[in-house]
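Below, the structure written as structure tokens:
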């Protein structure tokens with residue numbers, strides 16, 4: 003099973019700051035890495051697919067990069083509505099796995 | 832638009848069974864494999880099971896293999912999860928999710944989830 007490790011687990015950030023979340027895979031997964039946002043009481047929603055491709059309708063302040071084992075989600079100029087938990091997810095091999103999540107709190 | 836609506840959750844005693852349903856609309860259901868993903872209280876996401884578009888292939892996480900069965904009825908545009916021998920650690924919100932394209936693509940959309948509580 004491929005283990006995904008996110009860092010940090012928690013981040014408290016001021017609006018307009020830049021946020022960087024990393025996801026490290028226990029073995030190479032190419033670009034089969036996706037990012038989701040989950041707000042309290044809601045289902046996850048897709049942000050970035052295949053490491054760097056923004057999903058339809060996602061604001062341009064969200065971007066992704068990386069390949070192989072190291073990936074990054076960047077939120078430029080954080081907005082209040084971005085307070086949420088962010089998860090990475092690999093679809094390279096079964097079983098599909100998720101990172102443990104990174105909670106972003108707005109100061 | 833594409834929509835998934837889960838139902839069937841509730842409180843069940845350890846060792847008992849429960850069947851979840853996921854009604855799909857807004858897309859051609861029998862063109863897509865479908866997933867179940869769960870989230871324990873205050874915890875992260877855990878992939879549970881995948882069924883191919885025609886139901887011929889099924890995949891499970893080790894934590895549910897042998898106890899849960901994924902199935903589908905393409906005539907009713909509905910996905911199911913039969914959960915037997917339930918344990919306290921199966922307590923979670925269960926989501927159904929559609930892949931963007933093939934079975935190895937990311938998930939969108941997700942349903943709103945249905946809560947399963949296993950407790951005596």
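Protein chains in written order, with our numbering: chain A, 3 to 109; chain B, 832 to 951.
Just so it is clear, CB atoms sit at the ideal spot from N, CA and C, and this is done for glycine as well.
- Among the CB atoms of chain B, none fall inside 8 Å of the CB of residue 32 of chain A.
- Close partners of residue 832 of chain B in chain A (Cβ separation under 9 Å) are lacking, with about 12 Å as the shortest Cβ gap.
- When DSSP reads this structure, residue 39 of chain A sits in a beta bridge with A:47, A:88.
- Contact check for residue 851 of chain B and residue 925 of chain B: beta-carbon distance about 6 Å, within the 8 Å limit, so the pair qualifies.
- Under DSSP, residue 108 of chain A takes part in a beta bridge, and its partners are A:15.
- Boundaries of the beta strand (DSSP E) around residue 66 of chain A: 64-69.
- Rounded to the nearest angstrom, the Cβ distance from residue 909 of chain B to residue 853 of chain B is 7 Å, consistent with a contact under 8 Å.
- The straight-line gap separating the alpha-carbon atoms of residue 7 of chain A and residue 880 of chain B is approximately 22 Å.
- Using a Cβ-Cβ cut-off of 7 Å, residue 938 of chain B is close to 48 of chain A, given in chain order.
- Bridge pairing for residue 858 of chain B: absent [DSSP].
- Using beta-carbon distances, residue 867 of chain B does not count as an interface residue toward chain A, since no partner is under 8 Å.
- Assigned with DSSP and collapsed to three states, residue 939 of chain B falls in strand.
- Listed by position along chain B, the residues whose Cβ is nearer than 7 Å to that of residue 102 of chain A are 875.
- Between residue 5 of chain A and the set A:107, A:30, A:12, the nearest pair of CA atoms involves A:30.
- Around the beta carbon of residue 73 of chain A, 16 or more other beta carbons sit within 10 angstroms, so the residue counts as buried.
- Taking C-beta atoms as the reference points, residue 923 of chain B and residue 938 of chain B fail to come closer than 8 Å.
- Rounded to whole angstroms, the gap between the alpha carbons of residue 916 of chain B and residue 844 of chain B is 9 Å.
- Using a Cβ-Cβ cut-off of 9 Å, residue 89 of chain A is close to 875, 876 of chain B, given in chain order.
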